[in-house]
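Visitor: Listed in order, the protein sequences are those of chains B and Y. Mapping to the UniProt record's numbering: the first sequence position 31 is 31, numbers consecutive. Mapping to the UniProt record's numbering: the second sequence position 36 is 36, numbers consecutive.
Protein chains: 2
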Amino acid sequence: MVKSAHNLINANFKNAKLLIVEDDDDQWLIIQQAMRQCMSELTAQRVATLEQAMTLLEDWRYQEWEIPKLILLDLYLPTNATGWQLLKQIRAMPSPIGTLPIVMLTSSVDPIDIKDAYQLGVSAYVVKPIEFADWLTCFRELRTYWLETVTLPPIQYEL
Amino acid sequence: MVKSAHNLINANFKNAKLLIVEDDDDQWLIIQQAMRQCMSELTAQRVATLEQAMTLLEDWRYQEWEIPKLILLDLYLPTNATGWQLLKQIRAMPSPIGTLPIVMLTSSVDPIDIKDAYQLGVSAYVVKPIEFADWLTCFRELRTYWLETVTLPPIQYEL
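#1: Which residue marks the beginning of the beta strand (DSSP E) containing Y:R46, and which one marks its end?
#2: Tell me, to the nearest whole angstrom, how far the beta carbon of residue 165 of chain Y is from that of Y:L75; I am working on the premise that it is less than 8 Å.
#3: Can you name the residues that DSSP bridges to Y:M104?
#4: For the 8 Å Cβ check, are there 3 or more pairs between the segment 99 to 108 of chain B and the segment 117 to 131 of chain B?
#5: For Y:L18, which residues from the same chain have a beta carbon less than 8 Å from its beta carbon, with the 5 sequence-adjacent residues on both sides left out?
#6: Whole angstroms are fine: how far does the CA of B:P94 sit from the CA of Y:T137?
#7: Name the one or two DSSP bridge partners that B:I20 has.
#8: Does Y:K115 have its Cβ less than 8 Å from a Cβ in chain B?
#9: Start and end of the alpha helix (DSSP H) containing Y:Q144?
#10: I believe B:L100 touches B:N12 by the beta-carbon criterion, under 8 Å. Please report the beta-carbon distance rounded to the nearest angstrom.
#11: Compile a chain-ordered list of the residues in the segment 121 to 140 of chain Y whose CB is closer than 9 Å to at least one CB of chain B.
#12: For a contact meaning CB atoms closer than 7 Å, what does Y:P153 contact in chain B?
#13: Given a threshold of 16 other Cβ atoms within 10 Å of its Cβ, counted over all protein chains shown, does B:K14 qualify as buried or as exposed?
#14: Nearest-angstrom Cα distance between Y:E64 and Y:I155?
#15: Name the residue from B:P96, B:A133, B:A53 and B:A16 whose alpha carbon lies nearest to the alpha carbon of B:Y62.
#16: Is the CB-CB distance between B:L77 and B:D23 below 8 Å?
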């Protein structure tokens, strides 16, 4: 933890929420378990479809206390066409929603998917682990990076 | 380290280079020391101006073995106008250069700078630490995240 940014880091954990777009119930169970062990201060809001994600994000536009710190976005929902459409729709929204960090969390290792994800503005592309121990490592690292190292975008509307 | 992505991770460290845009010689000394201790497998290429950065990136467009894994971009070079201009110019370049992860590494904690950086497509915004121990923590975390957790964009041109 970077001492000089202590105040910002404390702010990161205040009412901290992650938005998780995941259509697979089994994967969602794993994510919940990993979050319980590695991100116990954070709540998780899960949606399974593009429509659910957009409804929630549209609602949150005027409820800044609801805005998540980070979006974890599955790509195949169940096809990547839906993942790309959702990514484009989020990035087209005005700040603060449109500039939220989005981590693509997917099983795909297809170089075209990886390239397209960065081209369309993901903050990072993370391949889903297989073993549960690796899920824990992955979520621990997401926490350390996004909540203890990075300065997240401000969510005030007046900016 | 995520086992299922071992091959990708090993690839990350092969000929791995960071491009560091930093106009302040003292800060560059600190960065070099932190990299020596936390990223000893990586080489660092430093540039101090927008012009130097663009010359190098234009050269590297057709030398894919030269392309860095990550760009660390200071914002005030010495004013933020130059930092914004460079960020826009990099993001306007075709892939693979234009889609490289860019971490803004700056002393500024101005919320407008933070918001604008995300709006213009940085992968993350990191406030420069004060104490050297915190620089080490910061670089250790950048390494763990970008080189051991994330799948970086592919650098082949045919994609």
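Glycine included, each C-beta is placed from N, C-alpha and C at the ideal position. All values reported here derive from a predicted model rather than from experimental measurement.
Guide: On the basis of the supplied data:
#1: Against the second sequence, residue 46 of chain Y aligns to sequence position 46. First-last of the beta strand (DSSP E) with Y:R46: T43 to V47.
#2: Because chain Y spans 1 through 159 in this model, residue 165 of chain Y falls outside it and cannot be assessed.
#3: Position 104 of the second sequence holds residue 104 of chain Y. DSSP lists Y:L73 and Y:Y125 as partners of Y:M104.
#4: yes
#5: The sequence position of residue 18 of chain Y within the second sequence is 18, counting from 1. Taken in chain order, the residues that qualify are M35, M39, L42, T43, A44, Q45, P68, K69, L70, I71 and L72.
#6: Locating residue 137 of chain Y in the second sequence gives position 137, where the first residue counts as 1. Locating residue 94 of chain B in the first sequence gives position 94, where the first residue counts as 1. The C-alpha of Y:T137 lies about 33 Å from the C-alpha of B:P94.
#7: Position 20 of the first sequence holds residue 20 of chain B. According to DSSP, B:I20 bridges with B:R46 and B:L72.
#8: Here residue 115 of chain Y corresponds to residue number 115 of the second sequence, with the count starting at 1. It does; some Cβ of chain B falls within 8 Å.
#9: In the second sequence, residue 144 of chain Y corresponds to position 144, counting from 1. What sits at residue 144 of chain Y in the sequence shown is Thr, not Gln. Taken as a continuous stretch (DSSP letters only), the alpha helix (DSSP H) holding Y:T144 covers F132 to E148.
#10: On the first sequence, position 100 is the one that residue 100 of chain B refers to. On the first sequence, position 12 is the one that residue 12 of chain B refers to. B:L100 to B:N12, Cβ: 13 Å. No contact.
#11: With the criterion set as a beta carbon lying under 9 Å from some beta carbon of chain B, the members of the segment 121 to 140 of chain Y are G121, V122, S123, A124, Y125, V126, V127, K128, P129, I130, E131, A133, D134, W135, T137 and C138, in sequence order.
#12: The count along the second sequence starts at 1 and reaches residue 153 of chain Y at position 153. What Y:P153 touches in chain B: I114, K115 and Y118.
#13: Here residue 14 of chain B refers to the residue found at position 14 of the first sequence. It counts as exposed.
#14: On the second sequence, position 64 is the one that residue 64 of chain Y refers to. On the second sequence, position 155 is the one that residue 155 of chain Y refers to. Y:E64 and Y:I155: Cα-Cα distance of roughly 7 Å.
#15: For this step, residue 62 of chain B is matched to residue 62 along the first sequence. Nearest of B:P96, B:A133, B:A53 and B:A16 to B:Y62, Cα basis: B:P96.
#16: Here residue 77 of chain B refers to the residue found at position 77 of the first sequence. Here residue 23 of chain B refers to the residue found at position 23 of the first sequence. In contact: B:L77 and B:D23 (Cβ atoms closer than 8 Å).
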